[in-house]
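Reviewing the structure listed below.
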Amino acid sequence: MRAVSLLLLVLVLACPPGPGRAAGGFDRDSVRFAQLATTEGPSGDLGAAIRDGLLAAFDEVNRAGGVRGRKLLLDTFDDRYEPGRSIIHARDVAEGDAHAAFVGQVGTATLKAVLPVANRSGMPMIAPVTGADFARADTAGRVLALRPSHDQETEAAVAELVDRMGLKRIAVFYQDDYYGVAGRDAVARALARRDLGIVAEGRYTRNTVAVKVAALMLADATPDAVILVASAVPAARLMKVAGDLGLSTRYLALSTVDPVTLAAEAGAAAKDTLFSEVVPAPFDEDLPVAADYRAALAAVLPEAKPGFASFEGYLSGRLAIEALREAGADPTRDRLAEALDRLGDIDLGGLVLSFGPGDRQGLDAVGIYRLTGDGTLAPAGSAPSGT
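Here the sequence shown stands for residues -22 to -1, 1 to 365, numbered as in mature numbering (1 follows the signal peptide of the UniProt record, and there is no 0).
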């Protein structure tokens, strides 16, 4: 049923632009956004969840009349998590006039490849799913980030393992590309601040589950804990293979690892895995924006389960909505970009996104959670946000 509903929704969103569309993705009745992400394969769960959250946010505002009467539409372009393919999609979108901005782009390596394309066209890039420093630099162009940086997330992860739990021998399993290397280096910096180093490294090739060599290297080192800078499916495979090799250790997965996917793929091996998360808990009963998210997701995708990744997508959509409101009654790509520059504190309902001069990142706090025996996440204790 969910597949049918989603297909119908995608067909509606993918309809060709109607007559009278102004340049840059705006017309009298709608504003169209583009997402670059893979939604299939070993890394597809994250992109699909971000898309679902974006759709929930857009559907919510559309049911309330849109933004100044304009409905928000989303087209997702599957780049298969490959930089070359992502460049092709980005060029088609940026050089065309059907889309106002990129939103919810997924992948550090792919963002590194497409950002020059977006900048040449002057097209805004709202809430890409990356913690990379280059997306937060003054030279990044029209990028506005939502999630905390790699350094903030890995600082929280290392603080949990070393400062709170007293573990010393920390290893890293990472994806062998720009994302994984940046994450590994951030872990190394956090450990160095504690006069520690990475005791072992294992890596795998993007879009594969070829993890046996990595598992052998990690098992041989017998670390106290392994930080997973990876996607959920290869991370789950690593846990199972390393376990078969006799490795008994603690795992902490960064936010690119979806807990639901990891639990389904790894089974019992995933129990008690720790997760660093860069948005608040979507199941927080005391957070109004979390309740809004759950209701919006249920309205547009009734069979979808709430989760951290789709909550991040929803918050990204809400950020795009606020920027569009700030852009005024006659928005263009340039006016939308200028609106991003003007954003200050945005209260989404108990959660404040903070922007300002020199600060193009809305969130700074990182939470640590533990996967329980029944497959749910529970807070694992406090950890510094890295702010």
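Glycine included, every Cβ here is placed at the ideal spot set by N, Cα and C.
Inset, instruction - Please name the residue in 330, 231, 255 whose C-alpha comes closest to that of residue 244. - result: 231
Next item on the list: Could you tell me which of 168, 95, 209, 288 sits nearest to residue 20, measuring between CA atoms?
Entry: 209
For this session: May I have a chain-ordered list of the beta strand (DSSP E) segments no shorter than 3 residues that lie completely inside the segment 279 to 342?
Result: 323 to 325, 330 to 332
field: Identified DSSP bridge partners for residue 349
entry: 355
- prompt: Do you know how far the Cα of residue 189 is from the Cα of residue 95?
  reply: 33 Å
> Tell me which same chain residues have a C-beta within less than 8 Å of the C-beta of residue 305, skipping the five on either side of it?
Replying inline: 313, 314, 316, 317
- Over the uninterrupted alpha helix (DSSP H) stretch that includes residue 157, give me the two end residues. 156 to 170
Between residue 239 and residue 353, what straight-line distance do the alpha-carbon atoms span, to the nearest angstrom?
10 Å
Checklist line | Secondary structure of residue 132, DSSP reduced to three states | finding: helix
ask   = Distance, Cα to Cα, residue 255 vs residue 237?
value = 10 Å
**OP:** Counting only the same chain and skipping the five closest in sequence on each side, list residues whose C-beta sits under 7 Å from that of residue 161.
**Re:** 128, 132, 152, 207, 232
Take residue 46 as the anchor and find which of 11, 35, 83, 5 has the nearest alpha-carbon.
-> 5
(request) Under 8 Å by Cβ, that's how I've got residue 27 and residue 288 pegged, so tell me the actual separation to the nearest angstrom. (result) 4 Å
Classification of residue 396 by the beta-carbon crowding that lies within 10 angstroms, buried from 16 upward: A query on residue 396 cannot be resolved here, the shown segment of the chain reaching from -22 to 365 and no further.
DSSP three-state label for residue 138, please. helix
Would you mind stating whether residue 31 and residue 77 have Cβ atoms separated by less than 8 Å? no
Query - Exposure label - residue 327; buried when at least 16 CB within 10 Å - result: exposed
(message) I believe residue 227 touches residue 192 by the beta-carbon criterion, under 8 Å. Please report the beta-carbon distance rounded to the nearest angstrom.
(response) With a Cβ gap of about 13 Å, residue 227 and residue 192 do not count as contacting.
Contacts around residue 86, its chain only, beta-carbon distance under 7 Å, and the 5 residues preceding and following it disregarded
108, 110, 156, 157, 160
inquiry  = In this structure, how does DSSP classify residue 49 when only helix, strand and coil are distinguished?
reply    = strand
Could you check the C-alpha separation between residue 257 and residue 330 for me, to the nearest Å?
11 Å
Below 8 Å CB to CB, which residues in the same chain sit around residue 140 once its five sequence neighbours on both sides are set aside? 146, 148, 169, 172, 174
### Message
Counting C-beta neighbours from all protein chains within 10 Å, is the total for residue 338 16 or more, i.e. buried, or is it exposed?
### Response
buried
Kindly indicate which residue of 116, 138, 15, 10 has the alpha-carbon position closest to the one of residue 61. 15
Open item on the list: Taking DSSP's pairing of strands, which residues face residue 179 in a bridge?
Closed with: 150
Quiz item: In this structure, does DSSP put residue 89 in helix, strand or coil?
Solution: helix
Beta bridge counterpart(s) of residue 205 as assigned by DSSP: 150, 230
* Asked: Ends of the beta strand (DSSP E) at residue 252?
  -> 252 to 255
Residue 88: buried (16+ other C-beta within 10 angstroms of its C-beta) or exposed? buried
**Report entry** Which of helix, strand or coil DSSP assigns to residue 210
**Finding:** helix
Tell me which residues share the same chain as residue 221 and place their Cβ nearer than 7 Å to its Cβ, disregarding the 5 neighbours each side in the sequence.
247
Worksheet entry | Identity of the residues DSSP links to residue 11 by a beta bridge | 52, 79
With a CB to CB cut of under 6 Å and the five nearest residues on each side skipped, what residues in its chain are close to residue 180? 151, 192, 195, 196
- request: Give the C-beta separation of residue 102 and residue 311 to the nearest angstrom, bearing in mind that I take them to be a contact with Cβ-Cβ under 8 Å.
  value: 7 Å
* Asked: How many Å lie between residue 347 and residue 44 at the Cα?
  -> 35 Å
_Below 8 Å on the Cβ atoms is my contact criterion, and I expect residue 8 with residue 48 to pass it. Report the Cβ-Cβ distance as a whole number of Å._
5 Å
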